[in-house]
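This report concerns only the one structure given below.
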Amino acid sequence: MSKKALFNTSGSSISSFSTVLGSTLVLTMLGVLFIFLLVANAITQHFRSQLTVQVMLKDNAPEEQVLDLKKKIEGEDYAGSVLYTSKAKAAEIMQQELDEEFVDFLGYNPLPASLDIHINPEFEQLDSLSGRLAALEKNEWVREVNYEKGLLQQVNENIAKWGIGLLMIGALFLIIAVVLIVNTIELAIFSQRFIIKSMQLVGATHWFIQKPFLKRGLWYGLISAIFAIALISAILFFFREELKDVVTILMTGSRYLVMVGAIVFTGLMVSWLATAYAVRRFVKLRQEELY
Amino acid sequence: MENEVVIHLEHAQIQQNENVVLRDVNLKVHSGEFIYLIGRTGTGKSSLLKTLYGALPLRKGKGLCCGYELHNIRERQIPYLRRKIGIVFQSFELLTDRTVKDNLLFVLKATGWTDQKAMDSRIQSVLDLVSLEDKSYKMPHELSGGEQQRVAIARSLLNTPHLIIADEPTGNLDPATSLEILNLLLAISRSGTSVLMASHDYATMQKFSSRIIVCENGELRESSDISTIVSEST
Chain A
31 MSKKALFNTS GSSISSFSTV LGSTLVLTML GVLFIFLLVA NAITQHFRSQ
81 LTVQVMLKDN APEEQVLDLK KKIEGEDYAG SVLYTSKAKA AEIMQQELDE
131 EFVDFLGYNP LPASLDIHIN PEFEQLDSLS GRLAALEKNE WVREVNYEKG
181 LLQQVNENIA KWGIGLLMIG ALFLIIAVVL IVNTIELAIF SQRFIIKSMQ
231 LVGATHWFIQ KPFLKRGLWY GLISAIFAIA LISAILFFFR EELKDVVTIL
281 MTGSRYLVMV GAIVFTGLMV SWLATAYAVR RFVKLRQEEL Y
Chain Y
2 MENEVVIHLE HAQIQQNENV VLRDVNLKVH SGEFIYLIGR TGTGKSSLLK
52 TLYGALPLRK GKGLCCGYEL HNIRERQIPY LRRKIGIVFQ SFELLTDRTV
102 KDNLLFVLKA TGWTDQKAMD SRIQSVLDLV SLEDKSYKMP HELSGGEQQR
152 VAIARSLLNT PHLIIADEPT GNLDPATSLE ILNLLLAISR SGTSVLMASH
202 DYATMQKFSS RIIVCENGEL RESSDISTIV SEST
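Listed in order, the protein sequences are those of chains A and Y.
If you want the numbering used here, it's the 1-based position in the first sequence plus 30.
If you want the numbering used here, it's the 1-based position in the second sequence plus 1.
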C-alpha cells in the first residue's frame with residue numbers, strides 16, 4: 031500500500047490520524063494493563079516459590095523407604111525440589127546454628143529426619159494442596175507435615191481476588207478498545223460510504239470491497255501497536271528510577287518481548303475485527319440508508 | 002444475440018420496502034433495443050431500474066434480467082448480475098478518490114481481470130469510444146459534467162454488458178451535452194447492447210424516436226408517440 035493511499039485516501043488523512051491516535055491510546059492502556067498482569071504474575075510466582083512444606087519422618091523410617099517416598103513426592107505436580115535431611119544432618123545443622131554440642135549434652139539426637147518440599151511455582155491448584163498434604167501425612171513413615179497454612183491460604187485468596195479483578199479490568203479494557211476502534215474506523219469509513227456503494231454498483235463482490243479496507247485496518251493496527259510500544263517504553267525509560275521494580279521484572283526473561291507481541295497481536299486483531307464489522311455494516315446498507 | 006431477451010418481467014410487483022410502486026408489470030426487452038422510460042417523479046422509474054439491477058428485491062411476480070432470475074436471486078449473485086449490466090446515473094457515481102483510468106481499472110479488477118496488458122487495452126478502447134482517450138490521468142473533479150458522464154458510460158461498457166441501465170443520465174447536463182450523451186447511448190444500442198434509459202428530457206427524445214415505456218398511476222404502459230406525452234405533460 032502506498033504512503034499516499036495509506037494516509038491520504040479521499041482526503042481522509044484526518045480520520046486516519048484520529049484512527050491511529052485512538053487505537054494507540056487504547057493499546058497503550060492495554061499494554062499498561064498487560065505489564066500489570068506480568069508484574070502480578072511475577073509476584074505471585076515469587077510468593078509461590080517461597081512456600082515450603084516440611085515432612086517430618088518417623089525415627090524408625092528406613093532410609094530406603096524414605097528415599098522411595100522422596101522419589102514419589104518428586105513425581106507430584108505440586109513439588110518443585112525435594113531436599114532430604116537425615117537425622118544426623120539435621121543435628122549437624124542445628125549444632126552449627128547453636129554452636130553447642132547439644133547431642134552430647136542430651137545424650138541422644140531428638141531431631142527427626144525430614145523432607146523439605148519447595149512448592150512448584152507453576153502449580154495452579156494451590157487450594158487442593160491441603161488435601162493432598164493431609165494424604166501424605168497418612169504415610170506410615172511420616173510423623174507430621176508442617177507448612178504455613180496461613181501463608182498458603184493468603185496466597186490462594188490473593189490469587190483468586192487479583193485474578194478475577196484483573197480479568198474483569200482486562201475484559202473491560204478490551205471492550206472499550208473494540209468500541210473505540212470500531213467507532214473511529216466507522217467514522218473513517220462513513221466518509222467513503224458512497225464510494226463503497228459505487229463499487230457495489232459496478233459488480234464488485236463484498237470481499238473485494240472489504241479487502242483494501244481490511245488491509246488498511248491492519249496497517250493502522252500495526253502502526254498503532256508500534257506507537258503504543260514506543261510510548262510505554264518511553265514511560266518505562268524516563269521513570270526507570272520510580273518504576274525500578276517493574277522495569278526489573280519486565281526485563282527478566284522474555285517478558286518485555288511477550289508484552290510487545292501481545293500489543294502487536296491485539297492491535298492487529300482488534301483493528302481487523304473492527305474494520306470487518308464497520309465495512310460489513312456499510313456494505314449491507316441500502317442506497318437510501320446512506321443519507 | 003439479435004433477438005435474445007435481455008429483460009422479461011411477468012406480473013412483477015415493484016416495491017420500495019412495503020410500498021407498492023408499480024403493479025402487474027409486464028415487459029420484454031430484446032438485445033439491441035433502445036427504450037425510453039418516462040414518467041413523473043415518484044412514479045417508480047428508479048424503483049423499476051433498481052429492481053432490474055438487484056438493489057430492490059422482486060417479491061411478487063417473475064423477472065429475468067441478463068439471464069438471472071430476479072425473483073430467485075441470492076445476495077451473493079447480485080455482483081455477477083451487475084457485471085452483465087452497465088449502470089449510468091445522473092450523479093455519475095464515479096470513485097472520486099482516483100483517476101479516470103483507476104476508476105476503470107477498479108471495475109476490471111473487481112470483475113476478475115488480471116492481465117495488465119489486456120486491462121490497459123480495454124480501458125483505452127472504451128475511452129476511445131467515448132472520446133476521452135486523453136483524459137485517463139484526470140481526477141473526476143477535474144472533468145466537466147459531460148465528461149464525467151462519458152467516463153461513467155465508458156465504465157459501463159468495460160465488460161461488454163448485455164444491457165445498459167441509464168437513470169436520467171442527462172439530468173445534470175446542458176442540452177448540447179445531453180444530445181452528445183444520447184447519441185453515444187444510441188450508438189451503443191446499435192452495436193447490440195440494449196439500453197433502458199429513464200429520462201425527463203422530452204426535447205432530446207423528440208429528436209431520436211424509439212420505444213417508449215411510461216410509468217403512470219402505479220402501472221407500466223407502452224406509448225408510441227412522444228409528442229402526445231409532451232403535450233399532456235405541458
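For each residue, glycine too, the CB sits at the ideal point set by N, CA and C.
- Message: Only counting the same chain, and skipping five residues up and downstream in sequence, which positions put a Cβ closer than 7 Å to that of VAL276/A?
- Response: By 1-based counting over the first sequence, the position of residue 276/A is 246. ILE65 and VAL69.
- Query: Is it the case that the Cβ atoms of LEU145/A and LYS100/A are separated by a distance below 8 Å?
  - Reply: By 1-based counting over the first sequence, the position of residue 145/A is 115. By 1-based counting over the first sequence, the position of residue 100/A is 70. Contact flag set, yes.
- Task: Give a yes or no on whether the C-beta atoms belonging to SER46/A and PRO151/A are separated by under 8 Å.
- Result: The residue labelled residue 46/A in the question sits at position 16 within the first sequence. The residue labelled residue 151/A in the question sits at position 121 within the first sequence. Not a contact, by the Cβ cut-off of 8 Å.
- Message: Could you check whether the Cβ of PHE220/A sits closer than 8 Å to any Cβ belonging to chain Y?
- Response: Against the first sequence, residue 220/A aligns to sequence position 190. No, no contact with chain Y.
- Beta-carbon contacts of VAL215/Y that lie in its chain and below 6 Å, excluding the five residues immediately before and after: In the second sequence, the residue the question calls residue 215/Y occupies position 214. Result list for VAL215/Y: ILE39, GLY40, ARG222 and SER224, in chain order.
- What runs of the alpha helix (DSSP H), each 4 residues or longer, lie entirely inside the stretch 174 to 206 of chain Y? 176 to 191
- Query: Closest to GLU170/A by CA distance: which of GLN95/A, LYS314/A and ARG285/A is it?
  - Reply: Walking along the first sequence from the start, residue 170/A turns up at place 140. The shortest C-alpha separation from GLU170/A is found at GLN95/A.
- Item | Exposure label - GLY247/A; buried when at least 16 CB within 10 Å | The residue labelled residue 247/A in the question sits at position 217 within the first sequence. Counting Cβ neighbours within 10 Å, GLY247/A comes out buried, since at least 16 surround it.
- Item | Collapsed DSSP secondary structure at ALA109/A in the structure displayed | As a working note, residue 109/A is residue 79 in the first sequence. The answer is strand: DSSP assigns ALA109/A an E or B state.
- In chain Y, which residues lie with their C-beta within 8 Å of the C-beta of LEU315/A? Numbered from its first residue, the first sequence carries residue 315/A at position 285. Near LEU315/A there are no residues of chain Y at all, since even the closest Cβ is about 11 Å away, more than 8 Å.
- Mind pulling the chain A residues with CB within less than 8 Å of THR112/Y? Indexing the second sequence from 1 puts residue 112/Y at position 111. Within chain A, the residues near THR112/Y are VAL232, GLY233 and ALA234.
- Message: Is any non-hydrogen atom of the ligand SAH found closer than 7 Å to the C-beta of SER211/Y, if you look at the structure I gave you?
- Response: The ligand content of the structure shown is nil, which means the ligand SAH is not present either.
- If you draw a straight line from the C-alpha of ALA35/A to the C-alpha of LYS245/A, how long is it? The sequence position of residue 35/A within the first sequence is 5, counting from 1. The sequence position of residue 245/A within the first sequence is 215, counting from 1. Note that ALA35/A scores 41 on pLDDT, short of 50, meaning its location in the model is unreliable; the coordinates nonetheless yield the value given after this. Roughly 11 Å separates the two Cα atoms.
- Item | C-beta neighbour in chain A for ARG84/Y, strict 8 Å | Indexing the second sequence from 1 puts residue 84/Y at position 83. Judged by the 8 Å Cβ criterion, ARG84/Y is in contact with chain A.
- Message: Under 8 Å, Cβ to Cβ, is there at least one residue of chain A near TYR138/Y?
- Response: The residue given as residue 138/Y occupies position 137 in the second sequence. So no, TYR138/Y is outside the interface.
- So which residues of chain Y does MET229/A contact, with C-beta pairs closer than 8 Å? Position 199 of the first sequence, counted from the first residue, corresponds to residue 229/A. Listed along chain Y, the residues sitting closer than 8 Å to MET229/A by beta-carbon distance are LEU96, PHE107 and ALA111.
- Message: Determine whether the beta carbon atoms of VAL30/Y and SER195/Y lie at a separation below 8 Å.
- Response: Against the second sequence, residue 30/Y aligns to sequence position 29. Against the second sequence, residue 195/Y aligns to sequence position 194. Yes. Within cutoff.
- Item | DSSP three-state assignment for ASN218/Y, whether helix, strand or coil | Taking the second sequence and counting its residues from 1, one reaches residue 218/Y at position 217. Note: ASN218/Y maps to coil in three-state DSSP.
- Is the Cβ of ARG156/Y closer than 8 Å to any Cβ of chain A? Along the second sequence, one-based indexing puts residue 156/Y at 155. ARG156/Y counts as touching chain A.
- Query: If you run the structure through DSSP and keep just helix, strand and coil, what is GLU5/Y?
  - Reply: Reading the second sequence from its first residue, position 4 is the one you call residue 5/Y. Look at GLU5/Y here: in three-state DSSP terms it is coil, with no helix or strand label.
- Query: DSSP three-state call for GLU177/A: helix, strand or coil?
  - Reply: Numbered from 1 along the first sequence, position 147 holds the residue referred to as residue 177/A. Here residue 177/A turns out to be Tyr, not Glu, going by the sequence shown. Residue state, collapsed to three classes: coil.
- When the Cα atoms are used, what is the spatial distance from ASN104/Y to ASP129/Y? Numbered from its first residue, the second sequence carries residue 104/Y at position 103. Numbered from its first residue, the second sequence carries residue 129/Y at position 128. Going from the Cα of ASN104/Y to the Cα of ASP129/Y covers about 16 Å.
- Counting only the same chain and skipping the five closest in sequence on each side, list residues whose C-beta sits under 6 Å from that of LEU82/Y. Position 81 of the second sequence, counting from 1, holds the residue named residue 82/Y. Excluding five sequence positions before and after LEU82/Y, the CB atoms of its chain that fall closer than 6 Å to its own CB belong to GLY55 and TYR69, given in chain order.
- Look at ILE219/A and VAL309/A and say whether their C-beta atoms are less than 8 Å apart. To locate residue 219/A, count along the first sequence from 1; it is residue 189. To locate residue 309/A, count along the first sequence from 1; it is residue 279. Inclusion of ILE219/A and VAL309/A in the CB contact set at 8 Å is warranted, their separation being smaller than that value.
- Under 9 Å Cβ-Cβ, which residues of chain Y neighbour ILE215/A? As a working note, residue 215/A is residue 185 in the first sequence. Within chain Y, no residue comes near ILE215/A; the closest Cβ sits about 17 Å away, beyond 9 Å.
- Item | Per-residue contacts from PHE312/A into chain Y (C-beta, under 8 Å) | Translated into positions along the first sequence, residue 312/A becomes position 282. The premise fails here: PHE312/A is roughly 15 Å from chain Y at the closest Cβ pair, so nothing lies under 8 Å.
- Please compile the residues from chain Y whose C-beta is within a distance smaller than 8 Å of the C-beta of ILE225/A. One-based indexing of the first sequence puts residue 225/A at position 195. Ordered by position in chain Y, the residues that pass the 8 Å Cβ test against ILE225/A are LEU96, THR97 and ASP98.
- Query: With DSSP run on the structure shown, which of helix, strand or coil describes LEU99/A?
  - Reply: Residue mapping note: residue 99/A aligns to position 69 of the first sequence, counting from 1. Correct three-state label for LEU99/A: helix.
- Spell out whether any CB of chain Y is found under 8 Å from the CB atom of PHE238/A. Working through the first sequence from its first residue, we reach residue 238/A at position 208. At a cut-off of 8 Å between C-beta atoms, PHE238/A counts as an interface residue with respect to chain Y.
- Check distances from the C-beta atoms of the stretch 139 to 150 of chain Y to those of chain A and list, in chain order, the residues that come in under 7 Å. For the stretch 139 to 150 of chain Y, the set of positions with a beta-carbon nearer than 7 Å to some beta-carbon of chain A is empty.
- Query: How many angstroms separate the CA atom of ILE199/A from the CA atom of GLY283/A?
  - Reply: Start at 1 with the first residue of the first sequence, and residue 199/A comes out as number 169. Start at 1 with the first residue of the first sequence, and residue 283/A comes out as number 253. Those two C-alpha atoms are separated by around 25 Å.
- Message: Can you confirm whether the stretch 84 to 93 of chain Y touches the stretch 142 to 159 of chain Y when touching is taken to mean that 3 or more C-beta pairs between the two stretches lie within less than 8 Å?
- Response: yes
- Check the DSSP bridge columns for VAL84/A and list the partner residues they point to. For the purposes of this step, residue 84/A is identified with residue 54 of the first sequence, where counting begins at 1. According to the sequence provided, residue 84/A is Gln. The question's Val does not apply to it. GLN84/A pairs with ASP146/A and ASN176/A.
- Identify every residue that forms a DSSP beta bridge with PHE90/Y. What you label residue 90/Y is simply residue 89 of the second sequence in a count that begins at 1. Answer is ASP168/Y, bridged to PHE90/Y.
- For ILE88/Y, which residues in chain A fall below 7 Å Cβ to Cβ? Residue 88/Y sits at position 87 when you count from the first residue of the second sequence. Those are LEU231, listed as they occur along chain A.
- Message: If I follow the unbroken beta strand (DSSP E) through PHE35/Y, where does it start and stop?
- Response: Position 34 of the second sequence, counting from 1, holds the residue named residue 35/Y. Counting along the chain, the beta strand (DSSP E) containing PHE35/Y begins and ends at 35 to 39.
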